[in-house]
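Novice:
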Amino acid sequence: MAEREVGDTRSASDSTCKSDCPSDAVPPKSPKDESSESPAHQHAQDLKSVLVTSVLNLEKLDVDLYRGRHHWVPRSQRLFGGQIIGQALVAAAKSVSDNLYAHSLHCYFVRAGDPKVPVLYQVERTRDGRSFTVRSVKAIQHGQPILICQASFHMLQPSPLQHHKPDIGEKSKQGLNKLLANEVPIEIKPINPPHYYRLAAREPKMLFWVRARGYIGEGNMKLHCCVAAYVSDFAFLGTALLPYPNYRAQFAASLDHAMWFHSTFRSDEWMLYECESPWA
1 MAEREVGDTR SASDSTCKSD CPSDAVPPKS PKDESSESPA HQHAQDLKSV
51 LVTSVLNLEK LDVDLYRGRH HWVPRSQRLF GGQIIGQALV AAAKSVSDNL
101 YAHSLHCYFV RAGDPKVPVL YQVERTRDGR SFTVRSVKAI QHGQPILICQ
151 ASFHMLQPSP LQHHKPDIGE KSKQGLNKLL ANEVPIEIKP INPPHYYRLA
201 AREPKMLFWV RARGYIGEGN MKLHCCVAAY VSDFAFLGTA LLPYPNYRAQ
251 FAASLDHAMW FHSTFRSDEW MLYECESPWA
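If you read the sequence shown in UniProt numbering, its first letter stands for residue 1, the second for the next number, and so on.
#1: Helix, strand or coil for G238 per DSSP?
#2: If you reduce the DSSP assignment to three classes, tell me which class G143 lands in.
#3: Please report the residue range of the alpha helix (DSSP H) in which Q83 lies.
#4: Between the alpha carbons of S54 and G113, how many angstroms are there, rounded?
#5: Look at H154 and S136 and say whether their C-beta atoms are less than 8 Å apart.
#6: For G143, is the classification buried or exposed, using 16 other Cβ atoms within 10 angstroms of its Cβ as the cut-off for buried?
#7: Would you call Y66 buried or exposed, if buried means 16 or more other Cβ atoms sit within 10 Å of its Cβ?
#8: Looking only at DSSP bridge pairs, what is C225 linked to?
#9: Output the boundary residues of the beta strand (DSSP E) element that contains G278.
#10: Are there 16 or more other CB atoms within 10 angstroms of the CB of Q83, so buried, or fewer, so exposed?
#11: Whose C-alpha, out of E187, F265, R213, is nearest the C-alpha of G219?
#12: With 16 as the cutoff for other CB atoms within 10 Å, does Y247 come out buried or exposed?
#13: What do you reckon, are the CB atoms on A229 and M259 nearer than 8 Å?
#14: For S95 and E59, what's the separation of their Cα atoms in angstroms?
#15: For M221, which residues in the same chain have their Cβ closer than 6 Å to its Cβ, ignoring the five residues on either side in sequence?
#16: Could you compute how far the alpha carbon of Y273 sits from the alpha carbon of F208?
#17: Given that a residue counts as buried once 16 or more other Cβ atoms are within 10 Å of its Cβ, and exposed if not, what is A200?
#18: Which residue comes first and which comes last in the beta strand (DSSP E) that contains F208?
#19: Classify S152: buried if its beta carbon has 16 or more other beta carbons within 10 angstroms, exposed otherwise.
#20: Under a three-way DSSP split, which group does T53 fall into?
#21: Would you mind giving the Cβ-Cβ distance between V110 and I146, rounded to the nearest angstrom? I have them listed as a contact below 8 Å.
#22: Check the C-beta distance from P204 over to P243 and give it rounded, since I have them as a contact under 8 Å.
#23: What does the Cβ neighbour count give for S277, buried or exposed, with the cut at 16 atoms within 10 Å?
#24: Which residue's Cα is closest to the Cα of L237: T126, C275, Q77, C226?
#25: D64 and V123 look like a contact to me (Cβ under 8 Å); what is the Cβ gap, rounded to whole Å?
#26: Give me the Cβ distance between P118 and R69, rounded to the nearest whole Å; I'm assuming they're in contact under 8 Å.
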């Protein structure tokens, strides 16, 4: 789940990435969903996700110091917030034991990112406990932080108490075959997307099927969490503006971002992404 406050419109957005979908929530079909024995499936396994090979592949400069590269720059010519969040979580995860996995992160965007220079990630080992570990990460450009992130890691343990939101039923069956955001390394298929040329107010809620482009595979839960962190920054601003079709924001930016990981999942398989702005 991700929560944040959005600049300019000053709305709080809430989203959930669900890997374990309801039984009647059928995700979109694509060639990557073919039989595991088919040539197409084997070829997909050879196509490593660009999120893994490029965006989230940090260069180590020193102990707890990394440098990240840019893959995609939005039209605003500022850095995509999801890239900074995902890379910060990668840097934090590199400093913890192999048996510890991210279960939450809290971030503040304090300055706009410059797409012309790389980002440095400085990790502080805030706490090392037997079950829980905390890391603080600063994303730095021009000698100043552009993002401050705190991430908590813990050992995976079964819980006797589990619950989730009710099944969304028919709404989840209405995904489109139209693919959005071809220039970014994620696949996005909206459910009941708004008509962008129809000036009608809508409830500030959106549902998407999302997954990483390419193949990541099983066994690296840390990496899947980092990919989900990258994806989680998509569509908040647009959702907050749905009730205001005549409003044209001259400036809109993320202010903060929080996320929780409740169970294991795969970010290269379809996840149901629920985005809601309860206040603006």
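Think of the CB as a built atom: it goes at the ideal place given N, C-alpha and C, for glycine as much as any other residue.
Specialist: On the basis of the data shown:
#1: Look at G238 here: in three-state DSSP terms it is helix.
#2: In this structure, G143 counts as coil in the three-state DSSP scheme.
#3: Start and end: 81-93.
#4: S54 and G113 have their C-alpha atoms some 18 Å from each other.
#5: Not in contact: H154 and S136 (Cβ atoms no closer than 8 Å).
#6: Under this definition G143 is an exposed residue.
#7: With a 10 Å radius around the Cβ and a threshold of 16 neighbouring Cβ atoms, Y66 comes out buried.
#8: As DSSP reads the structure, C225 sits in no beta bridge.
#9: Looking at the sequence shown, residue 278 is not Gly but Pro. In the DSSP assignment, P278 falls within the beta strand (DSSP E) that extends over 271-279.
#10: So Q83 ends up on the buried side.
#11: Comparing alpha-carbon positions, the option among E187, F265, R213 lying closest to G219 turns out to be F265.
#12: Classification of Y247: exposed, given that the 10 Å Cβ count is below 16.
#13: Cβ distance < 8 Å, so A229 and M259 count as in contact.
#14: If you take the alpha carbons of S95 and E59, they lie about 14 Å apart.
#15: Beyond the five residues adjoining it in sequence on each side, M221 comes within less than 6 Å, by CB distance, of Y101, T264 in the same chain, given in chain order.
#16: Rounded to whole angstroms, the gap between the alpha carbons of Y273 and F208 is 5 Å.
#17: Residue burial annotation: A200 is exposed, with fewer than 16 other C-beta atoms found within 10 angstroms of its C-beta.
#18: Going by DSSP, F208 is part of the beta strand (DSSP E) stretching over 205-212.
#19: Burial of S152 is indicated by the presence of at least 16 other C-beta atoms within 10 angstroms of its C-beta.
#20: Helix at T53.
#21: Confirmed, Cβ separation roughly 6 Å.
#22: Contact flag correct, Cβ pair sits at about 5 Å.
#23: Under this definition S277 is a buried residue.
#24: Of the candidates T126, C275, Q77, C226, C275 places its Cα closest to the Cα of L237.
#25: Sure, about 4 Å apart at Cβ, within 8 Å.
#26: Between R69 and P118 the Cβ distance is about 6 Å, and since that is below 8 Å, they are a contact.
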